[in-house]
Amino acid sequence: MIGGKLLHGGDYNPEQWLEYPEILEEDIRLMKEAHVNCVTLGVFSWAVLEPEEGTYNFGWMEEIIDRLGAEGIQVVLATPSGAMPHWLTAKYPEVMQVQPDGTKNLPGKRHNFCYTSPVMRAKTRALDHELSARMGRKENVILWHISNELGGNFGDSSCHCEQCQESFRGWLKERYGTLDALNHAYWGRFWSHAYSGWDQIHSPAPHGEWTMTGLTLDWRRFVTEQMRSFCRMEIETVRRNSALPVTTNFMEFFKGLDYQKMRDDLDVISWDSYPFWHERKDEVPTAVLAAANHNVMRSLKKKPFLLMESVPSAVNWRKHNPVKRPGMHMLSSMQAVAHGSDSVQYFQWRKGRGAYEKFHGAVLGHKNGSGTRTFREVSEVGARLEGVSELLDGTVNMPKAAIIFDWENWWAVEDTTGPRLDTDYVASVVSHYRAFWEAGIDTDIIGMEDSLEGYRLVAAPLNYMYREGYAERVRSFVGNGGIYVTTCFSGMVGESDLCFIGRHPLEDVLGIIQEEIDAPGEEFTNSFSYGGKEYPVGELREVIRAKEGTDIHAVYREDYVAGLPVVTEHRFGEGAAWYLAADTGRCFLKDFYRDRFREAGMNNSLDIELPYGVTVAERSADDGRRIVFVMNFKGEPVKLEGIGRWTDAETGESYEGTLDLEGFSCLLLRGNAEID
Ligand code: GLA
Ligand code: ZN
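Note that the numbering used here gives residue 548 to position 555 of the sequence shown, counting from 1, and the numbers run on in steps of one.
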């Protein structure tokens, strides 16, 4: 926890209000009222900080930082590369990003710079240097926020300009050494696609080469590397003047950049969370997706992260934008903390008067000052975070289960052609995660390069591409007693999308032989029974054979595959490997994992079966502190039965046997063992 307290506050963009001194006065007074202890400054301030090339204007910012400091409010300081000033793009058009089809972007918007461009780098470096020299040692500045949502240019984050093409070719030369090696990796003889000169290589494009997954994968890897090097350039620049930790704000399941690579450059992981609450009456799918995202972020460094942005009311960028219903702001904020966030921060403090985000929710609206429900609910969150800061200081989530979610696999499984063209890796991972969430079993969500040590159960849905060393890690995980669950379309290819030939790399562990994969239309229904119940299979079905010694727990009931295995278990070493040969629905996954949790000796912190809509998460510390967050995502009250003795960590009230939860609410409990 930075400075031993949970941060509460968020993006503050006072440069919008420099002509309104009374607003700036009021801001600081209301921040105190809302229990704001930290704001993020400078995210899009380039044009105000450097109104002309090489002319700096830091006075306004310094004054605001000092005034905040006098009120005990800390500052996360952003480098302003997220949006470029017009003088820059007018004088140096090469800083503009080029789209895959070759169109050069026009100035405007944001996040649309070429990260390779030497001019962009030089101009960013110069401003970062001045900014960090002037502000980087101020007492209340606590963290660097590098740029903003790197790559977040409404979709594709990559630049296809000539500078980028040249760098890509250089990157490929380094990776492969020879064209022969590259052509082999891409299986280039097929369709006469082998390159005979490096300069023939061009980034994947809709009007050019998009059919070679090996090339597409390398392009995606290269884009991450270029963005990393841009980000590292900024980090190195500010570090020269300041010893503060650095972060950059990540986004929800963002496919454009491999965050599992970028984590190494950052001290703290932070991300911007905008769940679609009230999309439907049933909030569970949204809660599950938000929780999965939090777990991805936490698992990047296996440490608490920061919720850098969230909205206190409604966003403005979806087709319809419901305002958070009473209680939801508190619940979603506490959910982030429950899953490992050490902050609740917002975009933004005050709604702008004009431009793109004037109707995006903020702590303060255009009217009524602090006299709004949003302001009251924000203040309540602030007060609550203040109250639990000490309790949570030093606590972390320590799950015993992990789900594999790997960026490179994401790219590969969705870029490749077949067996379906609408493969949705995130949906598949989240559908497995949902079974854990509903049971209240906390999980890490990790990449294929991460260690599996310390987990009892690892689930790896749609694990199509096996990264270097992954099969070995799984083999020793299962050999040492772990329970491993994987699904159809796993272990198909290596890192350049070349299929494994001969056998599945984990055939010995899984105890199955993959024969073929069927992806029929929806009329071709099929089903299987497991544990006495019948379940439908989805539209991805593998035909597999069980090897000797493999137990078959379920078989297809219909069609030409009737009698062939759907669910298998193979004991290997001290552990067991499960294979789900078909795409299976939520009801099955819930029942299936309930059995695996029992086998792994895992239950949720309350040790009860949770009613629909309720989940728990736990943060604990080495000193024996255990804080259990009990969250009700239903809009109505729910009664939990069969709980042991617990004490409300905030009010001291004790509960035994039953616990009443209000609609959209979260309670923090402490175990009796610790209290007694
Ligand atoms: C992102 C950006 C913010 C703001 C919000 C709006 O998270 O970082 O600047 O645009 O979206 O939801
Ligand atoms: Zn470029």
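For every residue, glycine included, the Cβ atom is placed at its ideal position computed from N, Cα and C.
Quantities reported herein were computed from a predicted structural model and do not represent experimental measurements.
query = If you count every other CB in all the chains shown that lies within 10 Å of the CB of P498, and 16 or more means buried, which is it?
reply = Your numbering for residue 498 matches position 505 in the sequence shown. By the 10 Å Cβ count, P498 comes out buried.
Residue range of the unbroken alpha helix (DSSP H) whose run includes E159 = In the sequence shown, counting from the first residue as 1, residue 159 sits at position 166. Taken as a continuous stretch (DSSP letters only), the alpha helix (DSSP H) holding E159 covers E155 to Y169.
inquiry  = Contact defined as beta carbons within less than 8 Å: I believe T209 pairs with D408. What is the distance between those atoms, to the nearest angstrom?
reply    = Counted from its first residue, the sequence shown places residue 209 at position 216. Counted from its first residue, the sequence shown places residue 408 at position 415. Between D408 and T209 the Cβ distance is about 5 Å, and since that is below 8 Å, they are a contact.
ask   = Hey, which unbroken runs of the alpha helix (DSSP H) at 4 residues or more fall wholly within the stretch 326 to 405?
value = Counting only runs of 4+ residues, the alpha helix (DSSP H) found wholly inside the stretch 326 to 405 occupies 366 to 385, in chain order.
key: Where W184 falls, given that 16 or more other Cβ within 10 Å makes a residue buried   = As a position in the sequence shown, residue 184 is number 191, starting the count at 1. With fewer than 16 other CB atoms across the displayed protein chains lying within 10 angstroms of its CB, W184 is exposed.
ask   = Counting pairs of beta carbons, one from the stretch 275 to 285 and one from the stretch 625 to 633, are three or more of them closer than 8 Å?
value = Enough Cβ pairs lie closer than 8 Å, so yes.
request  = Take G375 and list the residues in its own chain whose beta-carbon comes closer than 7 Å to its own, dropping the five residues that flank it on each side.
outcome  = Numbered from 1 along the sequence shown, position 382 holds the residue referred to as residue 375. Same-chain partners within the cutoff: H1, A27, H28 and V29.
Beta carbon of L661 nearer than 8 Å to that of I620 = The count along the sequence shown starts at 1 and reaches residue 661 at position 668. The count along the sequence shown starts at 1 and reaches residue 620 at position 627. Contact check for L661 against I620 passes: the beta carbons are separated by less than 8 Å.
task = Taking all protein chains shown into account, decide if Q193 is buried (16 or more other Cβ within 10 angstroms of its Cβ) or exposed.
result = Looking up residue 193 in the sequence shown gives position 200. Looking at its Cβ environment, which holds fewer than 16 other Cβ atoms inside 10 Å, Q193 is exposed.
inquiry  = Quick check: does the Cβ of N146 come within less than 7 Å of any heavy atom belonging to the ligand GLA?
reply    = In the sequence shown, the residue the question calls residue 146 occupies position 153. It does not: the Cβ of N146 is nowhere closer than 7 Å to a heavy atom of the ligand GLA.
request  = Please determine, among A178, E56, Y426 and R103, the residue with the shortest C-alpha to C-alpha distance to S74.
outcome  = If you number the sequence shown from 1, residue 74 lands on position 81. Cα-wise, what sits closest to S74 is R103.
Any 3 or more C-beta pairs closer than 8 Å across the stretch 162 to 177 and the stretch 238 to 252 = The stretch 162 to 177 and the stretch 238 to 252 do not touch, with fewer than 3 CB-CB distances between them shorter than 8 Å.
task = With a floor of 4 residues, list each alpha helix (DSSP H) that falls wholly inside the stretch 422 to 454, ordered by position along the chain.
result = Segments of the alpha helix (DSSP H) lying fully in the stretch 422 to 454: there are none.
ask   = Does DSSP put C107 in a helix, a strand or coil?
value = Translated into positions along the sequence shown, residue 107 becomes position 114. Reduced to three states, the DSSP call for C107 is coil.
query = In angstroms, rounded to a whole number, what distance separates the CA positions of E379 and G514?
reply = Counting from one through the sequence shown, the residue named residue 379 turns up at place 386. Counting from one through the sequence shown, the residue named residue 514 turns up at place 521. Distance from the CA of E379 to the CA of G514, rounded to the nearest whole angstrom, comes to 54 Å.
ask   = By how many angstroms is the C-alpha of R534 removed from the C-alpha of F657?
value = Here residue 657 refers to the residue found at position 664 when the sequence shown is read from its first residue. Here residue 534 refers to the residue found at position 541 when the sequence shown is read from its first residue. The straight-line gap from Cα to Cα measures roughly 39 Å.
query = Can you name the residues that DSSP bridges to W639?
reply = Locating residue 639 in the sequence shown gives position 646, counting from the first residue. Paired residue(s): Y648 and G664.
ask   = With P392 and H425 assumed to form a contact (beta carbons below 8 Å), what rounded beta-carbon distance in angstroms separates them?
value = For the purposes of this step, residue 392 is taken as residue 399 along the sequence shown, with counting starting at 1. For the purposes of this step, residue 425 is taken as residue 432 along the sequence shown, with counting starting at 1. Going by Cβ atoms, the distance from P392 to H425 rounds to 14 Å, so no, they are not a contact pair.
key: Bridge-paired residues (DSSP) for S522   = Position 529 of the sequence shown, counted from the first residue, corresponds to residue 522. S522 pairs with E527.
task = Could I get the ranges of all uninterrupted alpha helix (DSSP H) runs contained in the stretch 78 to 108, with 4 residues as the minimum, in chain order?
result = As for any alpha helix (DSSP H) of minimum length 4 sitting wholly inside the stretch 78 to 108, the runs are 79 to 84, ordered along the chain.
task = Within the same chain, show all residues whose beta-carbon is closer than 6 Å to that of F223, passing over the 5 residues directly before and after it, in chain order.
result = Along the sequence shown, read from residue 1 onward, the residue named residue 223 stands at position 230. Cβ within range, chain order: Y108.
request  = Pick out whichever of A178, A198 and K131 has its Cα sitting closest to the Cα of S151.
outcome  = On the sequence shown, position 158 is the one that residue 151 refers to. Nearest C-alpha to S151 among A178, A198 and K131: A198.
ask   = Which first and last residues belong to the alpha helix (DSSP H) in which T217 is found?
value = Stepping through the sequence shown from its first residue, residue 217 is reached at position 224. Segment T206 to N234, the alpha helix (DSSP H) holding T217.
request  = Going by CA-CA distance only, name the one from N105, S363, A280 and A174 that's closest to L324.
outcome  = Along the sequence shown, one-based indexing puts residue 324 at 331. Residue A280 holds the alpha-carbon nearest to the alpha-carbon of L324 among N105, S363, A280 and A174.
task = Kindly indicate the opening and closing residues of the alpha helix (DSSP H) around G52.
result = Translated into the one-based positions of the sequence shown, residue 52 becomes position 59. Residues G52 to A63.
G354 burial status per 10 Å Cβ neighbour count (16 or more: buried) = Mapped onto the sequence shown, residue 354 falls at position 361. G354 should be labelled buried.
request  = Could you tell me whether the Cβ atoms of G387 and A71 are closer together than 8 Å?
outcome  = Along the sequence shown, one-based indexing puts residue 387 at 394. Along the sequence shown, one-based indexing puts residue 71 at 78. The answer is no: Cβ separation not under 8 Å.
query = Going by the CB atoms, is the gap between T206 and L250 shorter than 8 Å?
reply = By 1-based counting over the sequence shown, the position of residue 250 is 257. By 1-based counting over the sequence shown, the position of residue 206 is 213. No, Cβ-Cβ distance for L250 and T206 is not below 8 Å.
Spatially closest choice to M113 from W39, E56 and E55, by CA coordinates = Residue mapping note: residue 113 aligns to position 120 of the sequence shown, counting from 1. Of the candidates W39, E56 and E55, the one whose C-alpha sits nearest the C-alpha of M113 is W39.
task = Could you tell me whether the stretch 418 to 434 touches the stretch 558 to 571, using the rule of 3 or more Cβ pairs below 8 Å?
result = These segments do not touch.
request  = Return the residue from the list Q156, P268, G95 and D260 that minimises the CA-CA distance to G201.
outcome  = Residue 201 sits at position 208 when you count from the first residue of the sequence shown. Closest option to G201, Cα to Cα, is G95.
query = If you follow the alpha helix (DSSP H) that V289 is part of, which residue opens it and which one closes it?
reply = Reading the sequence shown from its first residue, position 296 is the one you call residue 289. DSSP places V289 in the uninterrupted alpha helix (DSSP H) bounded by V277 to K294.
inquiry  = Contact defined as beta carbons within less than 8 Å: I believe R589 pairs with I476. What is the distance between those atoms, to the nearest angstrom?
reply    = Translated into the one-based positions of the sequence shown, residue 589 becomes position 596. Translated into the one-based positions of the sequence shown, residue 476 becomes position 483. Right, their Cβ atoms sit about 6 Å apart.
request  = Specify the secondary structure class of I601 as computed by DSSP and reduced to three states.
outcome  = Along the sequence shown, one-based indexing puts residue 601 at 608. Reduced to three states, the DSSP call for I601 is coil.
key: Selected residue, minimal CA-CA separation from E155, among V502, E465, L99 and S196   = By one-based count along the sequence shown, residue 155 stands at place 162. Among V502, E465, L99 and S196, the Cα nearest to that of E155 is on S196.
query = Excluding sequence positions up to five away, which residues of its chain have a Cβ less than 6 Å from the Cβ of S326?
reply = Along the sequence shown, one-based indexing puts residue 326 at 333. Listed in chain order, the non-local C-beta contacts of S326 below 6 Å within the same chain comprise V337 and V374, local neighbours out to five positions each way being set aside.
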